[in-house]
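Below is one structure, written out as structure tokens; the observations come after it.
Protein chains in written order, with our numbering: chain A, 196 to 205; chain B, 158 to 369.
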């Protein structure tokens, strides 16, 4: 499962 | 955001700043692998294209600009400003053997077959091995300046902290990204040998030198 927003990490 | 991700980002920022200052203050990039720095600039460029498409937070956006700016400034200093001090004879890792297979892998194993997502995946895979030219160079020269070992320590620590961040996020948010986790584990494992030398030598005040 991918988090809520696409890629919210740096 | 959690404490592991925040300290991870700050550790990453510290590494980038330490390297930039080392080159700027000593006006020398001796012992630094320009190839690794080019790979890091490529990692940030392919990962942060979403700066053009989505806004997550001021923190997220500003850190991305800082990372990209510092990465290109570092590459510029190595290959232009202080080119005379660049040790090309020892920076001989064949990066094409990294970039090409990883480019192929990003096409095969990704979350979504869209250009931005494939570039993001490429960047995640590339970052996990981008330090190899630098570690290879140190093994060839048999030593590293102490400031360079601090750079490598914080750079390796950042992804180790991200591993804890992903454990935290899986437990509290049910979030996990298998691609980032697997690449992050590989990346952190590549530093283990260096971490051992850093703790047993550099932290005891000795110079980091490898048995030639």
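Using N, Cα and C, we set each Cβ at its ideal position, and we do this for glycine too.
| task | Report all residues from its chain with a CB closer than 7 angstroms to the CB of residue 318 of chain B; omit the five preceding and five following residues, and keep chain order. | result | One-based indexing of the second chain puts residue 318 of chain B at position 161. Excluding residues within five positions, the ones whose Cβ falls inside 7 angstroms are 161, 164, 165, 168.
| message | Looking only at its chain, what residues have a beta carbon closer than 7 angstroms to the beta carbon of residue 366 of chain B, apart from the 5 residues adjacent to it on each side? | response | The count along the second chain starts at 1 and reaches residue 366 of chain B at position 209. The beta carbon of residue 366 of chain B is closer than 7 angstroms to those of 299, 300 in its chain, skipping five residues each way along the sequence.
| request: From the DSSP output, in three-state form, read off residue 176 of chain B for me. | output: Here the question's residue 176 of chain B lines up with position 19 in the second chain. Helix at residue 176 of chain B.
| query | Looking only at C-alpha atoms, which of B:208, B:269, B:340, B:321 sits nearest to residue 287 of chain B? | reply | Translated into positions along the second chain, residue 287 of chain B becomes position 130. Comparing Cα-Cα distances from residue 287 of chain B to each of B:208, B:269, B:340, B:321, the minimum goes to B:340.
| request: Figure out for me which residue from B:291, B:350, B:226 has the closest Cα to the Cα of residue 250 of chain B. | output: Residue numbering aside, residue 250 of chain B sits at position 93 when the second chain is read from its first letter. Ranking B:291, B:350, B:226 by Cα distance to residue 250 of chain B puts B:291 first.
| Reference residue 350 of chain B; option with closest CA among B:269, B:296, B:244, B:276 | To locate residue 350 of chain B, count along the second chain from 1; it is residue 193. Minimum Cα distance to residue 350 of chain B is reached at B:296.
| Proximal residues, the segment 295-318 of chain B versus chain A, C-beta separation under 9 angstroms | Cβ proximity to chain A below 9 angstroms picks out nothing from the segment 295-318 of chain B.
| query | If you count every other CB in all the chains shown that lies within 10 Å of the CB of residue 204 of chain A, and 16 or more means buried, which is it? | reply | To locate residue 204 of chain A, count along the first chain from 1; it is residue 9. With 16 or more other Cβ atoms within 10 Å, it is buried.
| said: As a quick exercise: from B:177, B:237, B:302, pick the residue whose alpha carbon is nearest that of residue 187 of chain B. | reply: As a position in the second chain, residue 187 of chain B is number 30, starting the count at 1. Ranking B:177, B:237, B:302 by Cα distance to residue 187 of chain B puts B:302 first.
| If we cut at 8 angstroms on Cβ distances, does residue 246 of chain B have a partner in chain A? | Along the second chain, read from residue 1 onward, the residue named residue 246 of chain B stands at position 89. No, residue 246 of chain B does not count as interfacial toward chain A.
| said: Please classify residue 337 of chain B as buried or exposed, where buried requires at least 16 neighbouring CB atoms within 10 angstroms. | reply: For the purposes of this step, residue 337 of chain B is taken as residue 180 along the second chain, with counting starting at 1. Buried, by the Cβ-count rule.
| said: Measuring straight from C-alpha to C-alpha, what distance separates residue 265 of chain B and residue 275 of chain B? | reply: For the purposes of this step, residue 265 of chain B is taken as the residue at position 108 of the second chain. For the purposes of this step, residue 275 of chain B is taken as the residue at position 118 of the second chain. Approximately 9 angstroms between the Cα atoms of the pair.
| Local conformation of residue 190 of chain B per DSSP, three classes | Stepping through the second chain from its first residue, residue 190 of chain B is reached at position 33. Coil, per DSSP.
| task | Report buried or exposed for residue 199 of chain A, applying the criterion of at least 16 other Cβ atoms within 10 angstroms of its Cβ. | result | Here residue 199 of chain A corresponds to residue number 4 of the first chain, with the count starting at 1. Residue confidence is low: residue 199 of chain A scores 40 on pLDDT, short of 50, so the model does not pin down where it sits. Its coordinate-derived value is still stated next. By the neighbour-count rule (16 or more Cβ atoms within 10 Å), residue 199 of chain A is not buried but exposed.
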